[in-house]
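Numbering (the working numbering), first residue to last: 222 to 369.
Ideal Cβ placement from N, Cα and C applies to all residues, glycine included.
Have a look at the structure below before the remarks.
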Amino acid sequence: MCKTLRDNFFKVRDTQFISVKQFVLKNGTLSYWKSQSEVNRKPQGQIGLGEACKISRNEGAATFEIFTGSRTYYLTADSIATMEDWIRVLQNVQRRNATKLLLSKEDNKPTIQGWLTKVKNGHAKKSWCVLIGKMFLYFKSPGDQVNT
């Protein structure tokens, strides 16, 4: 069973209505329900966070939008800080999903891979690095790349 990464209430603006829904981010998918009491049931809807999905912030308000290609969701958080946190987490999930997809393809053999020393703010850390096409990935160990 996978752990829930995030959950929160958002005001959702549809074409004519604004409603409050419970959102839960789990297994790389953002699901939503009418209320928190329904979370153990089938979700009212799900938003896949694949590479076609675009997440952007709206200027001035605690509102951000998720565009899936077929639908746009306008979500309003209770604060700008909460909105920024959600955008950061959702974008991280998107990157993780893209990495999983890239690594799962059999024809994607690494151009080069090996141990490199990564230096950040004067601190050095050894990382397992992989170059696949134009994507440079780094991990704690070679075995981590499967579970990214």
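Boundaries of the beta strand (DSSP E) in which residue i is found, first to last residue
i    : result
R278 : K275 to R278
V351 : H344 to I353
L270 : Unbroken run through L270: none, as it is neither H nor E.
A250 : In the sequence on display, residue 250 carries Thr and not Ala. Its beta strand (DSSP E) spans residues T250 to W254.
T284 : T284 to F288
Y362 : A small correction: the amino acid at residue 362 is Ser; Tyr does not occupy that position in the sequence shown. That residue, S362, is in no beta strand (DSSP E); it is neither H nor E in DSSP.
S291 : No beta strand (DSSP E) contains S291, which DSSP labels as neither H nor E.
Span of the alpha helix (DSSP H) around residue i
i    : result
T320 : I301 to S325
Rounded C-alpha distance that separates residue i from residue j
i    : j    : result
I333 : V314 : 25 Å
T338 : V241 : 47 Å
K347 : S325 : 24 Å
N261 : L246 : 14 Å
R278 : T289 : 15 Å
T297 : G281 : 12 Å
K275 : F285 : 11 Å
R317 : V351 : 15 Å
A345 : G335 : 16 Å
G364 : S291 : 37 Å
N368 : T303 : Low per-residue confidence applies at N368: pLDDT is 42, beneath 50, and the placement is therefore not dependable, though the value from the model is reported in the following sentence. Going from the Cα of N368 to the Cα of T303 covers about 28 Å.
S256 : G271 : 25 Å
Q243 : K321 : 27 Å
D306 : A273 : 21 Å
K343 : S252 : Here residue 343 turns out to be Gly, not Lys, going by the sequence shown. Straight-line Cα distance between these residues: approximately 41 Å.
Within 8 Å, strictly: CB atoms of residue i and residue j
i    : j    : result
T250 : G269 : yes
K341 : W349 : no
L311 : M356 : no
Q267 : W254 : no
I353 : P331 : yes
D299 : A319 : no
Bridge-paired residues (DSSP) for residue i
i    : result
G335 : C350
V260 : Partner(s): none; V260 has no beta bridge.
K330 : Beta-bridge pairing links K330 to no other residue.
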